[in-house]
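2 protein chains.
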Amino acid sequence: MPVVDVHTHIYPSVYTELLRSRDKVPYIRSFPDAPTAGDRLVILPAEDTASTSRGRPIGSEYYDIRQKIAFKDANEIDISVISLANPWLDWLPPNEAAEVAKKVNDDVERMCEEYPKRLYAFGTLPLSASANDVVAEIERLSTMKHMRGVIIGTAGLGGTGLDDPKLDPIYAALERTGQTVFLHPRWGLPGEVWGPRASEYGHVLPLALGFPHETTIAVSRMLLSGVWDRFQDLNVLIAHSGGTLPFLAGRIESCVAHDAHLKHGGKLERRRDLWDVLKKNIYLDAVIYSEVGLKAAIDASGADRVMFGTDHPFFPPLDTGETEWLSVRLNTRAVQTALGDDQKTVEDVMGGNAVRILKL
Amino acid sequence: MPVVDVHTHIYPSVYTELLRSRDKVPYIRSFPDAPTAGDRLVILPAEDTASTSRGRPIGSEYYDIRQKIAFKDANEIDISVISLANPWLDWLPPNEAAEVAKKVNDDVERMCEEYPKRLYAFGTLPLSASANDVVAEIERLSTMKHMRGVIIGTAGLGGTGLDDPKLDPIYAALERTGQTVFLHPRWGLPGEVWGPRASEYGHVLPLALGFPHETTIAVSRMLLSGVWDRFQDLNVLIAHSGGTLPFLAGRIESCVAHDAHLKHGGKLERRRDLWDVLKKNIYLDAVIYSEVGLKAAIDASGADRVMFGTDHPFFPPLDTGETEWLSVRLNTRAVQTALGDDQKTVEDVMGGNAVRILKL
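Here the protein sequences line up with chains A and B, keeping their order.
Residues in the first sequence are numbered consecutively from 1, following my numbering.
Residues in the second sequence are numbered consecutively from 1001, following my numbering.
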């Protein structure tokens, strides 16, 4: 059984060129006040301050597909389902977004062509354009040989969130064409929540907590707005093992059951509950770095719905030159220790589930 | 083996009288625009808007200890470790806080005297006063017969958080007197994260997600600031099964291990990791409403460190008149299903651990 990585990012050159041509967030460039730091990718306004830790370093591992292949070989990964990462295309002027999306998706499709049976992809949507443009790109993606779904952030159309009813034609198109949505955090949480000493803790708090909390909020909003009541066949792969959903699903359902406003409004009477959605519509990656978390993910969604991932090229080894990555090892070990002697299920989570679910 | 509830709140009358005498947040009163809604407790500025859902209804179950006893009898709970709930005393003028804390703690101690072997308590600290005043109250609490520790929110001294080094004398006093800290969320998250349709979802998002996320952030800040390196015997019972810590501990440790800033700063070289702290300094309540969450809590901290709780008088049944509470049943059932046939461990989590840890 092949090992499949469903959470692995690439910035194709058409996209990095666009970011290099810009002088405000999001953008890529080097800084005169930190000349040795190389090119930096600055995604968020809060990262855009003058210091050597402005944004994050971006080297060829972000855009050169050969480096992805070398990483896979060194870390024993057979197949990768690549996707564009933050900040995708939702910041583009609406009249440019549809064209750029086509170019990005064509570029990614070409990479997959170049490495047959080793690469598949999630496409990118022009979410700053109209719902019609987005639906057209979903339909185009469904005809492309290596595309297996789409990656989206939590912003929705113009920042109004994934619980906006304006997304219904988009959800309908994804459901109709059988494409999986890879849902990935973008913003984290407002900076004030990290407190006055946050800078002493590096990027730990926003990355470790902001991302999964953002994801949990976004999916809970989808659930409460009835997305899965209206689209019962919409399948969503949630990054980072669901944010914190497996752990908090019980509390979410209890809060719904005890809410006088919801009860008296009658809105949620016929609603599907989160446990049902977790087992029928939600897939989870295995990017959780611990046996405890992975067990909870499997308990929540089922061992047949959890799929190995790496988050490459993020979280590289701090000692340059290491080719086997600690971040990969932590996730592989979590699968092995959580499932013990059940080698068949280890193989399912490491690749078999992805082959079946994404038809690789 | 008795059933022990370690997470159960009371607002003693000295405290409710204080809130009734006020006309701005936090306060208790009825509203002319909603005369049938009865008395409402308004804790947060965001709750203080004119509607029938302003704040929350507050009846005698919030302050009459006889109602707590009746609830316990109806729900088969033998011993309760009661504590003041939101918003504690940190909003008081500094020159009043120490006196009010004494009155509140004396009032709670009297309740415990009244029901021997059925009530113990976590005391309240005057966190708007000076660290000296707080330490004095900690020492006084340690001499009181039914006090078993203190409850605190996430604000710290004057809102600077639990990672403020100014808290060190307070942590030292708690460690020295062997008192357990019951750490409980207060604020949730900034309202903007719930999005433009939040009001359609009742109180679900802030309660179900805001509270545990706030807790997770607070404890992570304590960890990263080295609180448990300096106070290796400081014991903290974390509300709601640790917020989301059991699920995210792996991601937190991975983010630390991959952070160039922390590595090159050298600050965290000798740091204790979160798994070690979870197993030696952290206790978790079992207020998580699901088997999946409870298993993760036990996997993270150990079955000898998790203790049953109810969050009474919050989350009452929506059908008035029901004396057996759904919220209690969900948590009891989670313990039973998570531990299956291991009746000894079920009894430990339901009460034995609390008896041993809190010396009841």
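We put the CB at the ideal spot given by N, CA and C, even for glycine.
- Apart from the 5 residues on each side of it in sequence, A/Ile58 sits with its Cβ closer than 7 Å to the Cβ of Ile28, Asp39, Arg40, Leu41 in its chain, given in chain order.
- In chain order, Pro190 make up the part of chain A whose C-beta sits under 7 Å from the C-beta of B/Glu1192.
- In the assembly as shown, A/Ser21 is an exposed residue. Its beta-carbon has fewer than 16 other beta-carbons within 10 Å.
- DSSP assignment within the segment 206–250 of chain A yields the following whole beta strand (DSSP E) runs of 3 residues or more, N-terminal first: 236–238.
- In summary, A/Arg66 is exposed, with fewer than 16 beta-carbon neighbours lying within 10 Å of its beta-carbon over all protein chains present.
- Taking C-beta atoms as the reference points, B/Leu1234 and B/Glu1175 count as a pair closer than 8 Å.
- Of all alpha-carbon atoms in A/Leu360, A/Gly250, A/Thr244, A/Val277, the one lying nearest the alpha-carbon of B/Leu1326 is that of A/Gly250.
- Interface criterion not met: the Cβ of A/His9 is under 8 Å from no Cβ in chain B.
- Taking a beta-carbon distance threshold of 8 Å, A/Lys295 counts as an interface residue toward chain B.
- For secondary structure counted as the alpha helix (DSSP H) over 4 or more consecutive residues, the segment 1107–1188 of chain B holds these complete runs in sequence order: 1131–1141, 1168–1176.
- DSSP places B/Tyr1289 in the coil class of the three-state scheme, outside both helix and strand.
- Sequence-distant partners of B/Ala1303 (beyond 5 residues in either direction) whose C-beta falls short of 7 Å from its own C-beta, in its chain, are Thr1345, Asp1348, Val1349.
- Close CB contacts of B/Asp1078 within its chain, under the 6 Å cut and outside five residues either way in sequence, are with Pro1002, Val1003 (chain order).
- Using a Cβ-Cβ cut-off of 8 Å, B/Lys1263 is close to Leu318 of chain A, given in chain order.
- For the C-beta of A/Leu330, the chain B residues within less than 9 Å are, from N- to C-terminus, Gly1250, Glu1253, Ser1254, Ala1257.
- With its beta carbon less than 8 Å from one in chain A, B/Gly1161 belongs to the interface.
- Think of a sphere of 9 Å around the beta carbon of B/Arg1221: the chain A residues whose beta carbon falls inside it are Trp194, Gly195, Arg197, Ala198, Tyr201, Leu205, in chain order.
- For B/Phe1247, the nearest beta carbon of chain A is closer than 8 Å to its own beta carbon.
- Here the segment 118–128 of chain A does not lie against the segment 1146–1166 of chain B, with fewer than 3 beta-carbon pairs under 8 Å apart.
- Annotation for B/Tyr1201: Trp1194 place their beta carbon closer than 8 Å to its own, counting only its chain and skipping 5 residues before and after.
- At a cut-off of 8 Å between beta carbons, A/His213 contacts chain B.
- Using a Cβ-Cβ cut-off of 8 Å, A/Tyr289 is close to Gly1250, Arg1251, Glu1253, Ser1254 of chain B, given in chain order.
- Per DSSP, reduced to three states, the secondary structure at A/Thr16 is helical.
- Of the other Cβ atoms in all chains shown, fewer than 16 fall within 10 Å of the Cβ of B/Ala1074; this residue is therefore exposed.
- Here the alpha carbons of B/Trp1228 and B/Val1277 stand approximately 7 Å from one another.
- Taking a cut-off of 8 Å for Cβ pairs, the segment 248–263 of chain A and the segment 1219–1227 of chain B do not touch, as fewer than three such pairs fall below it.
- Rounded to whole angstroms, B/Asp1299 and B/Phe1314 show a C-alpha spacing of 27 Å.
- Around the beta carbon of B/Ala1046, a 10 Å sphere encloses fewer than 16 other beta carbons of the protein chains shown; the residue is thus reported as exposed.
- Neighbours of A/Leu125 in chain B, taken as residues whose beta carbon is under 8 Å from its own, are absent, since the nearest beta carbon is some 20 Å off.
- At a cut-off of 8 Å between C-beta atoms, A/Thr143 does not count as an interface residue with respect to chain B.
- Taking all protein chains shown into account, A/His240 has 16 or more neighbouring C-beta atoms within 10 Å of its C-beta and is therefore buried.
- Excluding five sequence positions before and after A/Asp163, the CB atoms of its chain that fall closer than 6 Å to its own CB belong to Arg221, Met222, Ser225, given in chain order.
- Taking a contact as a CB-CB distance under 8 Å, the pair B/Arg1305 and B/Leu1284 counts as one, their CB atoms being some 6 Å apart.
- Within chain A, no residue has its beta carbon less than 8 Å from that of B/Leu1119; the closest one is some 25 Å off.
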